[in-house]
Amino acid sequence: MRSLTLSVVYVNRMTLTSALGTGLSAMRENLASSTGGLRPSRWPDSDVPCFLGEVDLSSVAELPAARRSRNNRLIELALEQDGFASAVADEVARAGAHRVGVVMGTSTSGIDRAEEAFRHLDADGRFEPQFWQPQVFTPHAPGDYVAERLGLQGPCLTVSAACASSAKVFAVARRWLEQDLVDAVVVGGADNLCLSVIYGFHSLQLVAPEPCRPFSPDRQGISLGEAAGFALLTRKSDGLVRLAGVGESCDAYHMSSAHPDGLGAKLSMQRALDAADLTLAQVDYVNLHGTGTRANDDVEGRVCAAMADDRTLFSATKGWTGHTLGAAGIVESVLTINAIVTGLVPGTMNTQVSEAGFNLLLNNEQHQVRRALTNSFGFGGNNCSVVFEAI
Amino acid sequence: MKARLLGAGVWARGLTCYADLVDLIGSDKSLQNADFTTPAPASIPSRERRRAGLMISMAVEVAHQACDHAAVMKAEIPSVFTSAMCDTQITDYMGRKLAGAEKLLSPTRFHNSVHNAASGYWSISAENRASSSYIGASSHSVGAALLDVISLVNDVHEPALLVGYDLATEPPFDDVFAIQETMAFALVFAPLDFRSESDLNVMIELNCLQIRDNPQAQASQAEHTGLKHLAQANPMGSAITLLERVADERLPRCVYISSSAHTMLKIDLALTGA
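These protein sequence lines are chains A and B, in that order.
Just so we're on the same page, our numbering is the position in the first sequence counted from 1, plus 2.
Just so we're on the same page, our numbering is the position in the second sequence counted from 1, plus 31.
What follows is the structure, given as structure tokens:
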């Protein structure tokens with residue numbers, strides 16, 4: 003199963019809002035000064051001791067009643083950074099609204115509103131009318147909101163494949179562009195902190211009581227975060243990087259445990275490299291999934307150690323942002339593209355000692371990065387790897 | 032975009048496979064009084080089957096039906112899963128638990144809450160390591176997923192599987208998104224030059240139209256008495272309308288299915304023989 007054509011899709015614009023900063027400038031400043039975004043949890047109604055990568059949404063105006071949700075507020079804040087919304091408007095003016103599609107990735111969608119609705123059930127056990135929000139309660143909420151907000155009239159859908167969601171958006175958009183269904187696609191991801199994810203990962207005993215330390219020998223689990231990020235993809239080569247290849251796979255092993263030999267992870271990386279017509283040795287930088295759980299880092303580490311040579315640099319960036327789940331794919335794609343564009347290869351924040359059998363960067367370094375790969379692996383055994391290349 | 036439809040699976044009240052749907056055409060039977068049978072797909076390994084709820088069991092069951100019908104390699108076929116609301120039974124469980132004082136969740140229910148849960152169980156049951164995704168587009172999900180799966184067939188030049196499902200919503204969700212019937216469907220598409228043993232072999236041509244420029248394009252409705260209700264009572268219902276036209280050559284050879292707020296799929300059907 004492999005695409006028959008080499009990708010002619012380019013990333014023209016991008017933006018990211020996460021605990022590492024609102025917009026790219028803030029993100030770059032915090033990267034440069036090694037200021038991570040994880041803070042002790044003070045999340046309302048949560049007694050899980052942990053660190054969170056929270057985004058300050060206090061500047062975002064209240065949304066219309068039908069669209070109200072924390073995830074849509076995150077999207078709203080992110081779209082206004084780095085001139086992203088106006089760059090999309092320019093594309094609409096050029097190509098026409100019907101030639102611009104939307105592919106968003108999410109895992110939480112508007113679940114925070116469902117949580118709130120259940121806290122306010124009326125005497126008959128029904129939701130209060132303020133929560134009758136079909137556009138928020140569906141997994142499609144982020145894609146639907148982005149299309150309406152930006153006035154886009156092309157095909158529009160939302161991918162939800164757990165923590166691989168907003169990496170897989172690149173696969174859908176590449177097909178649409180290469181088959182000329184559209185001239186541009188707004189891809190992105192948005193996932194917000196909420197009780198479902200805090201207590202959900204707590205139930206699996208995967209939440210660290212400290213800021214996560216991916217690939218540390220004594221790592222204790224994940225730190226959760228929230229983020230929204232976007233990229234504008236076109237067939238025009240005047241942008242930031244080329245989308246060189248996307249690889250997807252399933253573990254076919256277990257819903258929440260990775261295949262012990264990393265079969266799915268290896269397939270996803272290999273398929274992305276095959277699509278880009280590259281070997282891992284030709285890739286300068288790999289942004290790992292690197293969650294900080296014992297199992298993920300063990301399995302992903304063994305897969306990468308078997309594939310890597312000494313030249314390729316690796317790092318895991320969830321110590322900067324937290325694990326933003328459905329947004330992790332776009333968060334780490336932006337950090338990966340940023341490494342190509344600026345040469346700043348981010349270190350593995352919070353990790354002092356590495357047990358990785360490959361060249362894991364603990365501190366930031368400046369390098370020329372021509373080609374880079376990012377991994378995103380999710381529940382359901384769903385894996386996705388994306389390769390970007392300098393233009 | 033062109034492809035062949037080679038296999039179908041269906042599950043709903045009174046329907047436990049595509050042959051049931053074909054049988055219903057021409058009969059005056061109504062599905063509304065039929066019993067809903069809970070599927071117990073033997074294909075899910077027993078350890079996983081205990082953990083799977085109705086939505087997952089139904090999705091995995093129809094996925095196997097469609098692949099068996101199309102006679103394709105289950106372990107290799109890439110797939111797209113879709114649903115307007117996904118597993119509202121799990122959302123209900125999580126919402127109630129998290130609103131209470133004791134917030135500890137069941138780890139199994141939590142991992143089943145991911146929207147790609149059915150895709151995950153399918154991949155395990157079929158030992159399938161190809162790409163698999165969940166995509167949603169609310170009430171436009173069938174059209175958006177058809178667009179996605181046909182673009183996938185064209186991209187990899189191999190068969191691909193589409194699976195769609197929604198549960199009937201119960202209070203309090205019915206005030207937010209009313210779904211009266213529970214149903215699932217699955218379709219296997221292949222490139223035009225794919226050789227198949229299937230008795231189903233319908234060439235489809237799919238065009239994505241702008242509604243603005245095509246005011247005549249209205250979403251098609253099911254024609255047969257027995258299927259009308261189901262086609263309107265679930266966000267996946269337009270797949271029933273499509274399958275009805277596939278099964279009954281007397282009906283128009285074209286189906287319109289909504290694919291987003293602004294786009295509509297026009298799907299032309301042509302029987303090509305095995």
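Backbone N, C-alpha and C fix where the C-beta goes; we use that ideal spot for every residue, glycine too.
- If you check each beta-carbon in the segment 113-131 of chain B against every beta-carbon of chain A, the ones closer than 7 angstroms belong to 115, 116, 117, 122, 125, 126, 127, 129, 130.
- The C-alpha of residue 53(B) lies about 11 angstroms from the C-alpha of residue 41(B).
- For residue 230(B), the closest C-alpha among the options 219(B), 297(B), 237(B), 81(B) is that of 219(B).
- Per DSSP, the beta-bridge partners of residue 241(B) are 294(B).
- Look at residue 288(B) here: in three-state DSSP terms it is strand.
- Between the alpha carbons of residue 263(A) and residue 313(A) lies a gap of roughly 24 angstroms.
- Annotation for residue 171(B): 289, 290, 291 place their beta carbon closer than 6 angstroms to its own, counting only its chain and skipping 5 residues before and after.
- The C-alpha of residue 51(A) is placed about 14 angstroms away from the C-alpha of residue 206(A).
- When only Cα atoms are considered, residue 134(A) and residue 279(A) end up about 49 angstroms apart.
- Here the alpha carbons of residue 307(A) and residue 219(A) stand approximately 16 angstroms from one another.
- The segment 60-80 of chain A makes contact with the segment 120-139 of chain A; the number of CB pairs closer than 8 angstroms reaches 3 or more.
- Between the segment 374-381 of chain A and the segment 283-295 of chain A, the count of Cβ pairs shorter than 8 angstroms is three or higher; the stretches touch.
- Taking a Cβ-Cβ cut-off of 8 angstroms, the neighbours of residue 265(A) in chain B comprise 160, given in sequence order.
- In the DSSP annotation of this structure, the continuous segment of the alpha helix (DSSP H) that includes residue 306(A) starts and ends at 296-309.
- Considered as a whole, the segment 141-185 of chain B harbours 163-167 as its complete beta strand (DSSP E) runs of no fewer than 3 residues, in chain order.
- Shown here, residue 299(B) sits in a strand according to DSSP, grouped into three states.
- By the CB criterion at 8 angstroms, residue 326(A) and residue 337(A) fall outside the cutoff.
- Closest in alpha carbon position to residue 145(A), among 226(A), 200(A), 231(A), is 231(A).
- Within 10 angstroms of the beta-carbon of residue 242(A) lie 16 or more other beta-carbons, which makes it buried.
- By the C-beta density criterion, residue 311(A) is exposed, having fewer than 16 other C-beta atoms within 10 angstroms.
- Where residue 98(B) is concerned, the enclosing alpha helix (DSSP H) starts and stops at 85-101.
- Cβ atoms of residue 212(B) and residue 264(B) come within 8 angstroms of each other, at about 4 angstroms.
- The secondary-structure analysis by DSSP pairs residue 218(B) across a beta bridge with 39(B), 193(B).
- Contacts with chain B at 8 angstroms (Cβ-Cβ) include residue 177(A).
- Cβ contact annotation for residue 294(B) (same chain, cutoff 7 angstroms, sequence separation greater than five): 239, 240, 241, 242, in chain order.
- Taking a C-beta distance under 8 angstroms as the contact criterion, residue 59(A) and residue 227(A) do not qualify as a contact pair.
- For the segment 307-341 of chain A, there are no residues whose beta carbon sits under 8 angstroms from a beta carbon of chain B.
- Among the CB atoms of chain B, none fall inside 8 angstroms of the CB of residue 52(A).
- For residue 302(A), not one C-beta of chain B is nearer than 8 angstroms to its own C-beta.
- At least 8 angstroms separates the CB of residue 97(B) from every CB of chain A.
- As DSSP reads the structure, residue 42(A) sits in a beta bridge with 53(A).
- For residue 257(A), the three-state secondary structure derived from DSSP is coil.
- In summary, residue 246(B) is exposed, with fewer than 16 beta-carbon neighbours lying within 10 Å of its beta-carbon over all protein chains present.
- Residue 139(A) sits in a helix when the DSSP states are folded into three classes.
- At a cut-off of 8 angstroms between beta-carbon atoms, residue 170(A) makes contact with chain B.
- Relative to the Cα of residue 256(B), the nearest Cα in the group 287(B), 91(B), 272(B), 152(B) belongs to 272(B).
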